[in-house]
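Structure first, commentary second.
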Amino acid sequence: MAKQAGIIKLKGTIDDISFYKSQDGHLARAKGGVDKDKILKDPAFARTRENNSEFGRAGKGGKLIRTALRTLLQHAKDSRVVSRLTAQLLAIIKTDPVNKRGERNLDEGELTLLNGFEFNNNGKLSTTFFGTYTPAFDRGTGEATLDLETFSPTIGIVAPQGTTHFKLALGAAELDFVNKSFVYSEEDMGVLPYTSPDVAATTLTASLTAGTAYPVLLVMSIEFYQEVNGEQYVLNNGAFNALSVLMVADV
C-alpha cells in the first residue's frame, strides 16, 4: 500500500487502484489477489489454509476475551487492541505442542504469554498505578483475589488533569475457547476521592465456578472520574484509563 500525498485526498476506486482512509492516513493499494476457490482447494495453498485457520481461531479467541471483559474494557482500550490481542493469541496458538499445523489451538498453547497484556497501550497499568498488589486464583473454590496494600492515591496513581475520583477493579473470566462461552465476575473498590488520605489495605474477590476446568484470566483496571455538581463522570481519557492482565491460571 502507499500513502496519498497532496491537498486532495481520494476515496473510491480508479481502474485497479483503491483509495481509502485508515488510522494511518489516506492510503492507496492495487486491487488483485488469488482466486478464493484456488486458495480453498489447490494443494499449493495448503500452508495458506493452515495459517488462515489458526488466524481465525485467534480472532475468535480475542473476541471471546473482549466480550467477557466488556464492562471494564469500554473505557480502557486503544484503537489497535483487536489486532494486538489477535497477534498475541496467534503467537500462543503456535506454541501448541500437541496438534499439527492448521489444527493448533489456544487451549494447548502457552496462555501464560498473555500475562502483562495491556488493553490500552496509551495508558498502561504499570505507568499509572504504583501501589503494591498480589493476584491469586484458587481453582478449587473458584475464587480470584487481588490483595492491595495501603497506598496514597496522589502518590501511587498518575491521574489525568481534572480527576477528582478514581476506581480500581478486579475482573476474572473463565474461558471456554472451544464452545465460545465464558463465566465472568468482578469486584471494585467503589469510586474513591483522589485526594483522600491513604487507602487502607483491601482484598477484592471475584467468584467463578468451583473446580473449573477452563483457563482463567485475572485483570485489573483503573478508571478516573470528575465530579460535577455531585455527579461522577468517567474521564474518557485514553491516555490514562488502564486495563491489564495480571495473571493467567492455565489448566
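Counting from 1, position 115 in the sequence shown corresponds to residue 99 in the numbering used here; the numbering is continuous, with no gaps. Built from N, CA and C at the ideal position, the CB exists for glycine as well. Nothing here was measured: the structure is a model prediction, and the numbers come from that model.
Spatially closest choice to residue i from the options, by CA coordinates
| i | options | result |
| --- | --- | --- |
| Y217 | L201, T193, H149 and D234 | H149 |
| E211 | T179, I139 and S110 | T179 |
| G195 | G86, N105 and F121 | F121 |
| G46 | A185, D160 and G214 | D160 |
| N174 | S205, F101 and V167 | What sits at residue 174 in the sequence shown is Gly, not Asn. That would be S205, whose Cα lies nearest to the Cα of G174. |
| E166 | L53, S37, R33 and N35 | The sequence given here places Phe at residue 166; Glu does not occur at that position. Checking every option, the nearest Cα to that of F166 belongs to L53. |
| I139 | T111, P119, E127 and K164 | T111 |
| P181 | K164, P199 and I141 | I141 |
| E87 | G146, V162, Q58 and Q145 | V162 |
| Y168 | V183, E127, A185 and T147 | E127 |
Per-residue DSSP class, three states only, for residue i
| i | result |
| --- | --- |
| T138 | helix |
| E94 | coil |
| A308 | Nothing can be reported for residue 308, as the shown portion of the chain is limited to -15 through 235. |
| L130 | strand |
| V242 | The question about residue 242 has no answer here: the residues shown for the chain are numbered -15 through 235. |
| A71 | helix |
| K5 | strand |
| A143 | coil |
| E102 | strand |
| F150 | strand |
| T125 | coil |
| E87 | coil |
| F39 | helix |
| V235 | coil |
| R50 | helix |
| G107 | coil |
| R33 | helix |
| K61 | coil |
| K164 | coil |
| G195 | coil |
| F224 | coil |
Sheet register partners of residue i (DSSP bridge)
| i | result |
| --- | --- |
| Y217 | Q210 |
| L169 | Contrary to the premise, residue 169 reads as Ser rather than Leu in this sequence. Answer is A156. |
| V203 | G155 and V229 |
| D80 | Answer is none; D80 lacks a bridge partner. |
| L56 | Partner(s): none; L56 has no beta bridge. |
| T112 | Answer is none; T112 lacks a bridge partner. |
| T118 | D131 |
| L176 | F150 |
Beta-carbon gap between residue i and residue j smaller than 8 Å
| i | j | result |
| --- | --- | --- |
| F208 | A143 | yes |
| N99 | V203 | no |
| A156 | A197 | no |
| F103 | A60 | yes |
| L219 | I49 | no |
| T244 | T187 | Lying before the first or after the last residue shown, residue 244 is absent from the chain, which here runs from -15 to 235. |
| R68 | A233 | no |
| T51 | E170 | no |
| F114 | A226 | no |
| K151 | L176 | yes |
| N105 | A223 | no |
| L73 | L57 | no |
Closer than 7 Å: residue i CB and nearest the ligand PLP heavy atom
| i | result |
| --- | --- |
| R50 | Absence of the ligand PLP from the depicted structure is noted, as is the absence of any ligand whatsoever, leaving it without description. |
task: Evaluate contact between the segment 134 to 148 and the segment 88 to 95, counting only Cβ atoms and requiring at least three cross-stretch pairs below 8 Å.
output: Not touching, per the Cβ criterion.
- prompt: Per the contact definition of three or more C-beta pairs closer than 8 Å, is the segment 39 to 47 in contact with the segment 64 to 77?
  reply: yes
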